[in-house]
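Spelled out as structure tokens, the structure:
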């Protein structure tokens, strides 16, 4: 699924707390829209239309954590455990393990969080048996309207090979988003 995302030439992302995300994108002649509002996710791409109950399938949720940000609603699907303090690329971070509350989902994330900028530096996504699935690195944070936001995401496979890069442009924060953007 991840590789397919890089066929997309441009994506618009809107996020509003709590737990509302809209992603619109275009790949060739196909336009796609994904809307998350609370515990429901609807996806529409050409003739394909799907609805997911995120309470039952929380790993299908995309939220602020996916963008490198920590919000209260972004943590609702997890139990967390503090692991340690560490330095990543010269930045003092706090390292947490996030496990899904819904069983039998046993995959988990290890999140490296910069408490000064309140931004995620790295997420290591693991299978339930501890094997690494992939790693996301959130880079080049900029301060927008008082909030630090990463402007580059790099994703590496389990062997450490770069799989893709996403660059964020025209980032706006706290601008007020209409309810209609998140209508299912």
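Residue numbers (my numbering): 610 to 793.
Glycine is no exception: its CB is placed at the ideal position from the N, C-alpha and C atoms.
As the structure is a computational prediction, the values presented were derived from the model and not from experiment.
Outcome for residue 759 when other beta-carbon atoms lying within 10 angstroms are tallied against a minimum of 16: buried
Per-residue DSSP class, three states only, for residue 691: strand
Residue 782 classed as buried or exposed, judged by whether at least 16 other C-beta atoms fall within 10 angstroms: exposed
Sequence-distant residues of the same chain with beta carbon closer than 8 Å to residue 748, five excluded per side: 759, 760, 761, 762 and 763
Exposed unless 16 or more other CB atoms sit within 10 angstroms - verdict on residue 647: exposed
For residue 634, three-class secondary structure by DSSP: strand
Contacting residues, own chain, Cβ-Cβ under 7 Å from residue 610 (five flanking each side not counted): In this prediction, residue 610 has a pLDDT of 47, which is less than 50 and means its spatial position is unreliable; nothing more can be read from the coordinates.
Touch test, the region 774-791 against the region 683-703, Cβ-Cβ under 8 Å, three pairs minimum: no
The beta strand (DSSP E) enclosing residue 654, as first and last residue numbers: 649-654
Coil, strand or helix - residue 610 by DSSP: Unreliable positioning characterises residue 610 in this predicted model, as indicated by a pLDDT of 47, which lies under 50. A coordinate reading is not provided.
Beta-carbon spacing of residue 766, residue 737 below 7 Å: no
Residue 740 (DSSP reduced to helix, strand or coil): coil
Under the three-state DSSP convention, the category residue 747 falls into: strand
Sub-7 Å separation of residue 750 and residue 728 beta-carbons: yes
Environment of residue 619 [buried if 16+ CB atoms lie within 10 Å]: exposed
Neighbour-count burial assignment, residue 768, 16 or more Cβ in a 10 Å radius: exposed
Coarse secondary structure for residue 716, derived from DSSP in three states: coil
Residue burial classification, residue 643 (beta-carbon count within 10 angstroms, cutoff 16): buried
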